[in-house]
Amino acid sequence: MTPFATFLIATLIKIALVLFVLLTSLAYLVWVERKVAGRIQNRWGPTRTGPHGLLQPLADLIKFIFKEDPTPVAAERLIYFGAPFMALVLSLMAITVIPFGGSVKVAGVTTWLQITDLNIGMLFIFAATSLGVYGIALAGWSSGSKYALLGGLRSSAQMISYELSLSFSVVGPLILAGSLSLRTIVDSQAGYWFHVIPKWNCIPQCVAFVTYLIAAFAETNRVPFDLPEAEGELVAGYHTEYASMKFAMFFTGEYANMVTSSCIATLLFLGGWQRPFDKIGSFDWAGYIPTAVFYALAVILLVFSLKRARLVERIVLPVFATVCILIGSLFLWTPFHDPAEGVFWFAAKVLFFLLLYIWIRWTLPRFRYDTLMEFGWKYMIPVTLANVLITGFIVAWRTGH
Amino acid sequence: METILFFVFAALALGSAINLIRESHPIYSALSLVAVMGALAGLYLLLGAEFIAVVQVIVYAGAIMVLFIFVLMLLNAEEEVKIDRTKIAVRLGYPLLVLLAVEIISVLRAKFPSEITSHADLLNGDNTREVGRMLFDNYLLPFEVTSVLMLVAIMGAVVMGKRKS
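Okay, structure coming up:
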């Protein structure tokens, strides 16, 4: 095979794989959110469809497809139909440059665990997210309804304002790594201080880490910055007039944005796929953590299945437990372990940020619109700018310019 | 492959530019301009200038045009009413258009050889680093003067916004 053909096939396989994993995890992220919300509010969350409500995403999807889809008379039809596509496509585009782990060798072909490695990866993500405003603004405008228009205006004003502090907080880690390529940024965070503390950017760049998280919450329109859809004043904001699959697209796009911003936070501040623990002497104990985690998960599932009375749970949960044991044992096999360990740590860190999103959603109240703007312009931007300046000076001083 | 992509992006840019003028609704015009910016970014990518391409999208399509559309939405701009064109425009417009086209083509053919190599080659390797180095070494003065100019414009806007009417 020519190098181009191998490249093409490898890329197509990676695109299919990433898209499949991403969309499935988006569906289950909704399930996780509802479960956690239920627990925080002292109720069960979805329980009816499948064991522990595990088939709920499928039921939701079927409902979305078969729902009636009315179009408002006053809508600008072309843009009204185009806006959801725009929102979804642009939020999925950013995921293409995100690296999930090191390299992997399959059938003699070595390839990176990433769809494409651009030397301007970080800027590409910014380009995709800055275009994401169009989907929301145009959806609000084209619906021909004043609630949607006001929601769209608010949303775009908020996203433009917080995009500034988001970009400024990213500059700190970029200066430390001296590169815009996400792979180089992760590689620059390898190693440990005193063999204990990992050299992740979240320690020297703690200010940028916090401001990035705040700005990312605002960019993804999540609580406490979910004013665009403040239901008491604006019904459902920019997607008030959308139903059925068109609404599902906005919904998926929003969750995809959440995943993307969690991935960026992991890559820039938590060392990407680097493991958090050093070896002790020559003993690589941290390499066994994935196996231990999967085995523990299997034990928990088995114990649960014995306690439950329903036949379905008694059959399904042991099946899941067997899968967990299989995956855990695969991690003991070196050719699988080496690339998969990175993906394991990456996924664990992303999951941490996603749970943080959900946790904060059910903890904090919503900002008022003027306080939101004031906070963005008067506090976030000066703090992030100062961080950029100080980081720049320290790096210049240390490299002796 | 590159030639095909060039024609695709060029056609997209020209088509959107024509649509920008033809469209009577300001929001559709603004969106056509966004499409022009996107197509230009694609052309920059073909030249190997990744940094310029992405900055084109971030700054023009992602920031400036978003503000344009934001203001158009805020003012609730309606469709423009076409007014009758003057007779001079109708009679002289098309001949002058042909004349301009001939002029542009003849100048381009005289000034540029058929084999043009792009200057993006100068920025080979780490594109961004080279752009930064050029901006802060060779073109430091123009860069600083431009930023002062923008600061003046911002201050002017603040002063006008603060004025009590």
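Residue numbers (the numbering used here), protein chains in the order written: chain A, 74 to 474; chain B, 10 to 174. Just so it is clear, CB atoms sit at the ideal spot from N, CA and C, and this is done for glycine as well.
For the pair L49 (chain B) and S38 (chain B), the CB atoms are not nearer than the 8 Å cut-off.
Beyond the five residues adjoining it in sequence on each side, A156 (chain A) comes within less than 7 Å, by CB distance, of G208, L211, A212 and S215 in the same chain, given in chain order. Only exposed fits R112 (chain A), as fewer than 16 other CB atoms lie within 10 angstroms of its CB. The Cβ atoms of A110 (chain A) and W435 (chain A) lie closer than 8 Å to each other. The beta-carbon of E89 (chain B) is placed no less than 8 Å from the nearest beta-carbon of chain A. Burial state of E447 (chain A) is exposed, judged by a 10 Å Cβ sphere holding fewer than 16 other Cβ atoms.
In summary, N460 (chain A) is buried, with 16 or more beta-carbon neighbours lying within 10 Å of its beta-carbon over all protein chains present.
DSSP, read as helix, strand or coil, puts Y265 (chain A) in strand.
Within the region 356-430 of chain A, the runs of alpha helix (DSSP H) that reach at least 4 residues and sit entirely inside it are, in chain order, 362-380 and 384-403. Taken atom to atom, the span from the alpha-carbon of S238 (chain A) to that of A230 (chain A) is near 14 Å.
Excluding five sequence positions before and after F350 (chain A), the CB atoms of its chain that fall closer than 6 Å to its own CB belong to A359, given in chain order. Sequence-distant partners of L300 (chain A) (beyond 5 residues in either direction) whose C-beta falls short of 7 Å from its own C-beta, in its chain, are R227, Q231, R439, F440, Y442 and L445. Using beta-carbon distances, N330 (chain A) does not count as an interface residue toward chain B, since no partner is under 8 Å. Sixteen is the threshold: since fewer than 16 other Cβ atoms of the shown chains lie within 10 Å of the Cβ of F267 (chain A), the residue is exposed. Between Y328 (chain A) and L99 (chain A), the C-beta spacing is below 8 Å. T339 (chain A) places its beta carbon less than 8 Å from that of F426 (chain A). For K91 (chain B), the secondary structure class from DSSP, reduced to helix, strand or coil, is coil. Within 8 Å of the CB of F60 (chain B), the CB atoms of chain A belong to I193 and L196, in sequence order along the chain. As the crow flies, the alpha-carbon of G47 (chain B) is around 40 Å from that of G473 (chain A). Residue pairing by DSSP places K178 (chain A) opposite A:T183 in a beta bridge. The beta-carbon of M82 (chain B) is placed less than 8 Å from the nearest beta-carbon of chain A. Three or more beta-carbon pairs separated by less than 8 Å link the region 154-171 of chain A to the region 322-336 of chain A, which places the two stretches in contact. Scanning A:Y315, A:R387, A:M195 and A:K178 for the CA closest to the CA of V243 (chain A) turns up A:M195.
For G51 (chain B), no Cβ of chain A is located within less than 8 Å of the residue's own Cβ. Here Q114 (chain A) is exposed. Its C-beta has fewer than 16 other C-beta atoms within 10 Å. Less than 8 Å divides the Cβ of D142 (chain A) from the Cβ of A316 (chain A). As computed with DSSP, I287 (chain A) is found in no beta bridge at all. Listed in chain order, the non-local C-beta contacts of H34 (chain B) below 6 Å within the same chain comprise E88, local neighbours out to five positions each way being set aside.
Secondary structure note for E59 (chain B): its alpha helix (DSSP H) is the uninterrupted segment E59 to V64. If one requires a minimum length of 4 residues, the alpha helix (DSSP H) runs lying completely within the region 286-356 of chain A are 304-307 and 317-342, in chain order.
Going by C-alpha positions, V372 (chain A) is about 12 Å away from G401 (chain A).
Using beta-carbon distances, G141 (chain B) does not count as an interface residue toward chain A, since no partner is under 8 Å. Uninterrupted beta strand (DSSP E) stretches at least 3 residues long and entirely within the region 99-183 of chain A occur at 176-179, given in chain order. Per DSSP, the unbroken alpha helix (DSSP H) holding G225 (chain A) starts and ends at K219 to A250. Taking the C-beta atoms as reference points, L375 (chain A) is found nearer than 8 Å to P391 (chain A). Here the C-alpha atom of M82 (chain B) lies approximately 8 Å from the C-alpha atom of I36 (chain B).
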